[in-house]
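Under our numbering, residue 78 is the last one in the sequence shown; the count climbs by one each step, no gaps.
Glycine included, every Cβ here is placed at the ideal spot set by N, Cα and C.
These notes concern the structure reproduced below.
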Amino acid sequence: AKVTPGEPVLIGGTEVILRGGARTDKDYLELLKTRPAIGTVLNQGDYDSFKKSLTSVALRKGYFDSEFN
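Given below as structure tokens:
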């Protein structure tokens, strides 16, 4: 089969909402600096890695009600 690639998907926006103690948590604030930048080409691996990092920090710090929508 012949595959014709289309235009790359660009990141149009991101929204990460931190609640409670997470809003001032240094680990979260540092991690937010590494999120995929708006306007860049979506790299699924980078996106998944960022989400995994958010989850890891949440579990390590006891934020067990974290969720992705």
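In the structure shown, VAL12 adopts coil according to DSSP, grouped into three states. Partner residues in the beta bridge of LEU19, as assigned by DSSP, are VAL50. Following the DSSP letters along the chain, one finds ASP36 inside the alpha helix (DSSP H) bounded by residues 35 to 41.
In this structure, the alpha-carbon of PHE73 lies about 22 angstroms from that of LYS42. Its chain contains GLY48, THR49, VAL50, LEU51 as the residues whose beta carbon lies nearer than 8 angstroms to that of LEU19, once the 5 sequence neighbours on both sides are disregarded; these appear in chain order. For the 8 angstroms CB-CB criterion, ARG44 and VAL25 form a contact.
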